[in-house]
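> Count along the sequence shown from 1, then add 43; that gives the number in this note's numbering. We put the CB at the ideal spot given by N, CA and C, even for glycine.
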Amino acid sequence: MKVIAIANQKGGVGKTITTINLAAGLEIMHKSVLVIDLDPQGNSSRGLGVDISLINRNIFDALILDVDINKVIRHTSMKNLDLIPSNLKLSNLESEINQKSLNPFSVLKNVVSNIKKQYDYVLVDCPPSLGILCLNALTAADSVLVPVQCEYFAMEGLAQILVTISKVQDDYNKKLSIEGFLLTMFEPRSRLGVEVAEQVRGLFRESTFNVEIPRNISLSEATARGIPALLYRPTSAGSLAYLQLAKEVIDNDRRI
Ligand SMILES: Nc1ncnc2c1ncn2[C@@H]1O[C@H](COP(=O)(O)OP(=O)(O)OP(=O)(O)O)[C@@H](O)[C@H]1O
Ligand SMILES: [Mg+2]
């Protein structure tokens with residue numbers, strides 16, 4: 044079982060769309076996948092068809108109230124893709140985690156170690172901050188996938204998350220590796236987008252995925268309808284790009 048955190052403290056860069064559609068791509072390639080929605084916004088839960096206002100069990104029950112993690116897992120419309128949903132009732136999470144545990148960054152890691160079903164991949168969708176939730180994800184993860192929107196100030200954000208990743212590697216999780224940087228919302232006709240993509244590849248050639256995720260309306264439409272784009276419009280440019288990403292992620296493991 045490989046745990047991949049999808050993280051970037053910048054908002055709206057494509058973390059959630061990537062989590063949902065990478066999960067769907069891996070499922071199509073015959074892998075069993077669990078998505079953990081660690082964002083109080085609950086966007087990946089909704090994007091996988093769960094109405095978070097109607098559910099009574101979520102990741103925070105497992106993290107804070109010691110509810111058995113296996114009882115929080117839900118099925119989705121794809122056979123081998125399961126979900127642990129999120130919820131908005133989170134106001135005191137930080138202090139609750141601090142009170143609950145001597146190792147406040149290891150709570151998710153401990154919970155994940157109790158999952159009984161043997162998933163090939165666990166994808167953790169992080170909120171847009173480097174707070175305690177994201178640190179829990181990085182501590183629990185084998186690797187981190189960083190979506191980078193091909194836009195202004197992308198590089199500044201990257202410097203910050205790289206510092207956080209190396210801190211986590213030093214203090215909490217020596218085995219954490221970088222799965223890859225993923226260029227998102229790429230528009231070949233935008234000069235700025237092309238420049239940002241070149242910059243990222245120039246700096247992180249080895250660890251940038253070959254595939255670029257294009258800006259593609261099918262991706263946002265599918266998410267709004269609560270299904271992965273790979274089910275909604277399987278041959279759209281966005282779907283095909285995420286299928287390619289799934290192949291690259293599987294190939295990363297073959298290389299090791
Ligand atoms: N490749 C894409 N093509 C078109 N729209 C996209 C693409 N990727 C993301 N979007 C849209 O951009 C917005 C932000 O995407 P998403 O929710 O995945 O980002 P996020 O990083 O998870 O955001 P947050 O930081 O709020 O959690 C959404 O409205 C989504 O539908
Ligand atoms: Mg999100």
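Among the candidates T62, D94, L181, S156, whose CA atom is the shortest distance from the CA of L166?
By one-based count along the sequence shown, residue 166 stands at place 123. Minimum Cα distance to L166 is reached at T62.
> Using 10 angstroms around the beta-carbon of E238, count the other beta-carbons present and answer buried if the total reaches 16, otherwise exposed.
Mapped onto the sequence shown, residue 238 falls at position 195. The residue in question, E238, is exposed, as its Cβ has fewer than 16 Cβ neighbours within 10 Å.
> What does the shell around ligand 2 hold, if a residue joins when its beta-carbon is under 5 Å from any heavy atom?
With the cut-off at 5 Å, the residues found are K58, T59, N86.
> For S156, report the span of its alpha helix (DSSP H) as first-last.
As a first step, residue 156 is located in the sequence shown; it is residue number 113 there, counting from the start. Counting along the chain, S156 falls outside any alpha helix (DSSP H), and DSSP gives it neither H nor E.
> According to DSSP, simplified to helix, strand and coil, what is T182?
Here residue 182 refers to the residue found at position 139 when the sequence shown is read from its first residue. T182 falls in the helix class under three-state DSSP.
> What are the start and end residues of the beta strand (DSSP E) that includes F358?
This structure cannot speak to residue 358, because the chain is shown only from 44 to 299.
> Please determine if the segment 247–254 and the segment 262–281 are in contact, where contact requires at least 3 C-beta pairs separated by less than 8 Å.
Counting Cβ pairs under 8 Å, fewer than three are found: no touch.
> Quick one: what's I49 bridged to in DSSP?
Within the sequence shown, residue 49 is the residue found at index 6, counting from 1. According to DSSP, I49 bridges with D168, L188.
> Helix, strand or coil for T61 per DSSP?
The sequence position of residue 61 within the sequence shown is 18, counting from 1. Helix, per DSSP.
> Do you know offhand how far E264's Cα is from N153's?
For the purposes of this step, residue 264 is taken as the residue at position 221 of the sequence shown. For the purposes of this step, residue 153 is taken as the residue at position 110 of the sequence shown. Those two C-alpha atoms are separated by around 36 Å.
> Look at S75 and N123 and say whether their C-beta atoms are less than 9 Å apart.
In the sequence shown, residue 75 corresponds to position 32, counting from 1. In the sequence shown, residue 123 corresponds to position 80, counting from 1. For S75 and N123, yes; Cβs fall inside 9 Å.
> Threshold first: 4 residues or longer. Then list the alpha helix (DSSP H) segments lying entirely within the segment 228–282, N to C.
The qualifying runs are 234–246, 260–268, 272–275.
> Just checking Q84 against ligand 1 - is the residue's beta carbon closer than 8 Å to any of the ligand's heavy atoms?
Your numbering for residue 84 matches position 41 in the sequence shown. Q84 Cβ: within cutoff of ligand 1.
> Any chance you could list the alpha helix (DSSP H) runs of at least 4 consecutive residues sitting entirely within the segment 86–162, in chain order?
Runs found: 86–90, 102–107, 136–143, 150–155.
> Looking at the strands, I want to know which residues DSSP matches up with L173.
Mapped onto the sequence shown, residue 173 falls at position 130. Per DSSP, none; premise fails for L173.
> CA-CA distance, K53 and Q203?
Within the sequence shown, residue 53 is the residue found at index 10, counting from 1. Within the sequence shown, residue 203 is the residue found at index 160, counting from 1. For K53 and Q203, the distance between alpha carbons rounds to 10 Å.
> Taking the alpha-carbon positions, what's the V189 to R297 distance?
Reading the sequence shown from its first residue, position 146 is the one you call residue 189. Reading the sequence shown from its first residue, position 254 is the one you call residue 297. Taking the straight line from one Cα to the other gives about 20 Å.
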